[in-house]
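First comes the structure, then the notes that go with it.
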Amino acid sequence: MSDIAIPGPKWIPAFLETLAETRTITSAVAASGVSKRAVYTQKDRNHIFAQAWKTALHEGVVRVDEVPATNSNDGKWQRHFLELLAETSNIRLSASQANVPLSTVYSKRASDTAFAAKWEAALYEGYTNLEMEVLGYLRDPDPGYKMDVANALRLLAAHKESAAREKARRSKQNRGDVLARLNAKIDLMRERKAAAEKLLAEDGMTLPLPDGRD
49 MSDIAIPGPK
59 WIPAFLETLA
69 ETRTITSAVA
79 ASGVSKRAVY
89 TQKDRNHIFA
99 QAWKTALHEG
109 VVRVDEVPAT
119 NSNDGKWQRH
129 FLELLAETSN
139 IRLSASQANV
149 PLSTVYSKRA
159 SDTAFAAKWE
169 AALYEGYTNL
179 EMEVLGYLRD
189 PDPGYKMDVA
199 NALRLLAAHK
209 ESAAREKARR
219 SKQNRGDVLA
229 RLNAKIDLMR
239 ERKAAAEKLL
249 AEDGMTLPLP
259 DGRD
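This is the structure in structure tokens:
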């Protein structure tokens with residue numbers, strides 16, 4: 049049982065072994081040494097673990113041949129996913145475009161600290177690129193370039209915590225101070241957006257949106 053090749057935290061084999069023996073989730077959680085919440089979170093994110101859980105619970109055994117082998121293209125999808133993440137700041141979209149299940153990327157992040165660090169770096173790169181793009185656009189909107197400013201601001205707000213964490217780590221600054229500055233920038237961009245919309249409204253125009261909408 050202890051040699052089961054399932055990606056994820058080190059407590060997984062003990063959990064599955066106990067689950068197969070007792071058919072009791074409470075006992076398996078106790079044997080794993082982690083909280084029930086951690087166990088269920090891993091189940092939601094790790095489809096291989098979820099499959100082994102089902103087999104252990106209902107059949108009292110984990111069949112190793114039911115567990116997919118490590119994909120030789122793991123490195124390729126990881127690079128592609130991280131590149132897309134840096135471009136889009138969108139985890140679900142990046143996983144979809146990299147043709148990898150969302151549960152797989154979350155499982156990899158949970159089990160691989162190096163991949164998790166690259167994930168944070170990619171999100172930070174995407175954040176800073178988007179931040180500069182929005183600021184530049186609001187300073188001088190280009191009629192030939194259509195940008196959804198409202199959605200961009202929502203993305204920045206959604207990822208400001210991770211961006212602050214990564215920037216603080218790199219610069220050895222206080223994370224709270226970094227986050228405060230990021231919040232101030234987002235507020236500034238919202239003010240500039242509102243001011244630009246007001247000026248354009250006075251001229252009977254609107255800020256250009258994607259897909260030719262106005």
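Those letters in the sequence shown? Residues 49 to 262, per our numbering, in order. All C-beta atoms, glycine included, are put in the ideal place defined by N, C-alpha and C.
Glycine 174 and leucine 133 do touch by the CB rule: their CB atoms are close to 6 Å apart, below 8 Å. With 16 or more neighbouring CB atoms inside 10 Å of its own CB, alanine 211 falls in the buried class. Cβ neighbours of leucine 230 within its own chain (closer than 7 Å, five residues either side excluded): Lys208, Ala211 and Ala212. Contact annotation, leucine 186 with arginine 240: C-beta distance approximately 4 Å; criterion of less than 8 Å satisfied.
Distance check between lysine 58 and each of Thr176, Met237, Ser155 and Leu105 places Ser155 closest, using alpha-carbon atoms only.
A Cβ-Cβ separation of about 5 Å places tryptophan 125 in contact with alanine 146 under the 8 Å criterion. Distance check between alanine 164 and each of Leu130, Asp235 and Glu107 places Leu130 closest, using alpha-carbon atoms only.
Taking a cut-off of 8 Å on C-beta distances, the segment 59-66 touches the segment 76-87, as three or more cross pairs fall below it. Judged by their CB atoms, serine 144 and threonine 136 are not nearer to each other than the 7 Å cut-off. As the crow flies, the alpha-carbon of valine 109 is around 19 Å from that of glutamine 90. Classified as buried, proline 61 has 16 or more neighbouring CB atoms from the shown chains inside 10 Å of its CB.
Pairing arginine 223 with threonine 72, the inter-Cα distance amounts to about 42 Å. Contiguous alpha helix (DSSP H) elements confined to the segment 71-138 occur at 73-80, 84-93, 95-107 and 122-136, taking only those with 4 or more residues.
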